[in-house]
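Residue numbers (my numbering), protein chains in the order written: chain A, 1 to 336; chain B, 337 to 672. In this text, a Cβ means the ideal position worked out from N, Cα and C, and glycines have one as well.
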């Protein structure tokens, strides 16, 4: 099968185009009429760097590639719009598997109301995807950046942390699961790693509730809180013992002789939202998220910088700082 | 150097943001206010598939990655707006070279009025770029698709053909140049391959002149004309002997014992524009392009399908069809 036949089969699997799309995939470019402000982000997923084909199915790889890109839109409080996908296909991968990658992309697109409006298909040495997504709002100031956290704001986080890192530990050492937790909990943790859910509705609700700054937790809470601190020019003081751990994280950490706080604060890939918002807005934000079935936990506050140095500090209640670092895409490490 | 330090150095090299950009690179997403219709396209460039680092400099690789993406906007008649770049960096590549890739991207962005508004930097097994570009027009119908060619329209092509394929032949067999052509011509052909120029101003001028269909020649004239034929439901009859050959193409073809028409019609990567437009509009289109210094050559016409089968036919004046095929991204072949 050649490029154009495979593209035609991939296109058949895409959901119907949304209202902003005037011309979808198949011409030199897609045509949209956004009608307001647009948030755009690009995210890549590369075999041997971000996933292994031994542990992730083609469908999961497609799902994760678009989900992680959409997570950036969630962190802006944007309504998802369109996605543009480069798919790099290794020569040894069969077409049925490539179509499954496309089906994974299409399933998340359909579930989130995203139109896959364009793409590019080429050879690559390993399975690779780069997904550019656009999200929408009436006005640019409707989007929530990383830069608006103010002293006195509360810091809240959606959902639960550490699950993706615990899932990765289970994938890398399957024996760990049997010794630590029941099968259903282990499966849920692996899903957190392999098939994350972008918090799109929660992001919009937090924006509407008055969020002053927001970021999605891709690199790990400690590193990502540091990005908010730097952009906002503030100190983010986080109560390490308040972090909501995903079920099974403590048991996996114990079995692996690791600190559960390390999984929750530096493990990365939970794709929850860390949000700063005025104290007075916390109750209404929590109620709005409860209506979506998404827990919201207060984990700290924004403070004045005591020494002019913006930073995030994770403190145990005894005052001891938790040493953590965020994920560095270029740091040497083994593939996941 | 880590991801964030390198990203900061890359950002320093970018041109200033254009008027639609409200928030550039560095947050979860960039924010723009397009204010009209948007054309969006994604294109990837992968080491060992689309280029070799032995023959292309890091700066040329950066330039080509964004130029080929912008060429798709040229083919829509769009004014370039923003670019979003994924850069996949192999572990063995040094930072100075990665910054040169960034400088190549930035130089073409600056020259074309494109804002590099966002990006992603990760590890990849080989140097890889995926570039998503957005172009603008007041209304969606201002863009020229592949689908509007009508029987009676003239077919015209910008610039000259075969140069990129001849340049590739010279890169793969440097001895060919000495035997066939002078050094300056050889250098110009290699530049056509390594550092193509998107025909952005010509694309807008052709759209304004009344182009009914347009495509950029990335896969080769024969294949790309076939895409226009399929989208328009028409027969594209092309006079093979009218094709404008780039200087040196005939000599390189002779030295390599290849048909110059094969280089011009099936070689690909010339990034010229093939355009259908009403006969009455050809003279004004040619005048508008002459003002830009871009030749425009009439190479055929759009005809009714005699048998209901949309297709492009390249014919020699004796009537003999030229066998050609377009570039298939998934076809087995050696790397360039």
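Residues of chain A with CB closer than 7 angstroms to the CB of residue 379(B), please, in chain order.
Within the second chain, residue 379(B) is the residue found at index 43, counting from 1. Correct list: 120.
For the putative contact between residue 245(A) and residue 161(A), defined by C-beta atoms under 8 angstroms, what is the C-beta separation to the nearest angstrom?
Stepping through the first chain from its first residue, residue 245(A) is reached at position 245. Stepping through the first chain from its first residue, residue 161(A) is reached at position 161. The Cβ separation is near 6 angstroms, so the contact holds.
Is residue 569(B) close to chain A, meaning its C-beta is less than 8 angstroms from at least one C-beta of that chain?
If you number the second chain from 1, residue 569(B) lands on position 233. Residue 569(B) does not count as touching chain A.
Determine, using beta carbons only, whether residue 84(A) comes closer than 8 angstroms to chain B.
Locating residue 84(A) in the first chain gives position 84, counting from the first residue. Yes, residue 84(A) counts as interfacial toward chain B.
Starting from the beta carbon of residue 575(B), find every residue of chain A whose beta carbon is closer than 8 angstroms, and list them in chain order.
Counting from one through the second chain, the residue named residue 575(B) turns up at place 239. None at all; the shortest Cβ gap to chain A is about 24 angstroms.
Need the endpoints of the beta strand (DSSP E) that residue 238(A) sits in, please.
In the first chain, the residue the question calls residue 238(A) occupies position 238. Segment 235-239, the beta strand (DSSP E) holding residue 238(A).
Please list the segments of the beta strand (DSSP E) lying wholly inside the segment 402-472 of chain B, counting only runs of 3 or more residues, in order along the chain.
415-425, 451-459
In whole angstroms, what separates the C-alpha of residue 657(B) from that of residue 105(A)?
Position 321 of the second chain, counted from the start, is the residue given in the question as residue 657(B). Position 105 of the first chain, counted from the start, is the residue given in the question as residue 105(A). In a straight line, the C-alpha of residue 657(B) is about 42 angstroms away from that of residue 105(A).
Residue 517(B) in three-state terms, based on DSSP
Within the second chain, residue 517(B) is the residue found at index 181, counting from 1. Here residue 517(B) sits in coil by DSSP.
DSSP on residue 154(A), reduced to helix/strand/coil?
Taking the first chain and counting its residues from 1, one reaches residue 154(A) at position 154. Strand, per DSSP.
Residue 378(B) bridges to which residues according to DSSP?
The residue labelled residue 378(B) in the question sits at position 42 within the second chain. According to DSSP, which records beta bridges pairwise, residue 378(B) is partnered with 468(B).
Can the beta-carbon of residue 424(B) be found closer than 8 angstroms to that of residue 460(B)?
On the second chain, residue 424(B) is found 88 positions in, with the first residue counted as 1. On the second chain, residue 460(B) is found 124 positions in, with the first residue counted as 1. Yes.
Within 10 angstroms of its Cβ, does residue 334(A) collect 16 or more other Cβ (buried), or is it exposed?
By 1-based counting over the first chain, the position of residue 334(A) is 334. At residue 334(A) the pLDDT is 45, less than 50, meaning the model places this residue with poor confidence; the figure from the coordinates comes in the next sentence. By the neighbour-count rule (16 or more Cβ atoms within 10 Å), residue 334(A) is not buried but exposed.
If you measure from the beta carbon of residue 534(B) to each beta carbon in chain A, is any gap under 8 angstroms?
On the second chain, position 198 is the one that residue 534(B) refers to. So, not an interface residue.
Have a look at 284(A), 143(A), 146(A), 115(A) and flag the residue whose alpha-carbon is nearest the alpha-carbon of residue 131(A).
As a first step, residue 131(A) must be located in the first chain, where it is residue number 131. Closest option to residue 131(A), Cα to Cα, is 115(A).
Distance, Cα to Cα, residue 443(B) vs residue 399(B)?
By 1-based counting over the second chain, the position of residue 443(B) is 107. By 1-based counting over the second chain, the position of residue 399(B) is 63. Roughly 7 angstroms separates the two Cα atoms.
Work out the CA separation of residue 282(A) and residue 155(A) for me, nearest whole Å.
For the purposes of this step, residue 155(A) is taken as residue 155 along the first chain, with counting starting at 1. For the purposes of this step, residue 282(A) is taken as residue 282 along the first chain, with counting starting at 1. Taking the straight line from one Cα to the other gives about 9 angstroms.
Near residue 370(B), which residues of its chain fall below 7 angstroms by C-beta distance, leaving aside the five closest residues on each side in sequence?
Looking up residue 370(B) in the second chain gives position 34. Contacts found: 356, 472.
Could you please tell me which residues of the segment 86-116 of chain A, in chain order, have their CB closer than 8 angstroms to any CB of chain B?
86, 88, 89, 91
Contact list for residue 30(A) against chain B, beta-carbon separation under 9 angstroms:
As a first step, residue 30(A) is located in the first chain; it is residue number 30 there, counting from the start. Residues of chain B passing the Cβ test: 374, 375, 376, 377.
Does any residue of chain A bring its CB to less than 8 angstroms from the CB of residue 670(B)?
Taking the second chain and counting its residues from 1, one reaches residue 670(B) at position 334. With a pLDDT of 46 at residue 670(B), under the threshold of 50, the modelled position of that residue is not reliable, and no figure is offered here.
Give the list of continuous alpha helix (DSSP H) stretches no shorter than 4 residues that lie fully inside the segment 599-649 of chain B.
618-627
Is the shortest distance between the beta-carbon of residue 297(A) and the beta-carbons of chain B less than 8 angstroms?
Counting from one through the first chain, the residue named residue 297(A) turns up at place 297. False, the Cβ-Cβ gap to chain B never drops below 8 angstroms.
Between the Cα of residue 39(A) and the Cα atoms of 18(A), 78(A), 22(A), 52(A), which residue gives the shortest distance?
Your numbering for residue 39(A) matches position 39 in the first chain. Nearest C-alpha to residue 39(A): 78(A).
Report yes or no: do the segment 629-642 of chain B and the segment 559-572 of chain B share at least 3 C-beta pairs separated by less than 8 angstroms?
yes
With burial defined as no fewer than 16 other Cβ atoms inside 10 Å of the residue's Cβ, what is the status of residue 71(A): buried or exposed?
Numbered from its first residue, the first chain carries residue 71(A) at position 71. Label assigned to residue 71(A): buried.
Outcome for residue 179(A) when other beta-carbon atoms lying within 10 angstroms are tallied against a minimum of 16
The residue given as residue 179(A) occupies position 179 in the first chain. Its Cβ having fewer than 16 others within 10 Å, residue 179(A) is exposed.
Could you please give the first and the last residue of the uninterrupted beta strand (DSSP E) stretch that includes residue 359(B)?
As a working mapping, residue 359(B) is identified with position 23 in the second chain. Element bounds for residue 359(B): 357-359.
Using the three-state DSSP reduction, which class does residue 592(B) fall into: helix, strand or coil?
As a working note, residue 592(B) is residue 256 in the second chain. DSSP places residue 592(B) in coil when its eight states are reduced to three.
Where does residue 192(A) fall in DSSP's three states?
Locating residue 192(A) in the first chain gives position 192, where the first residue counts as 1. In the structure shown, residue 192(A) sits in a helix (DSSP, three-state: H, G or I).
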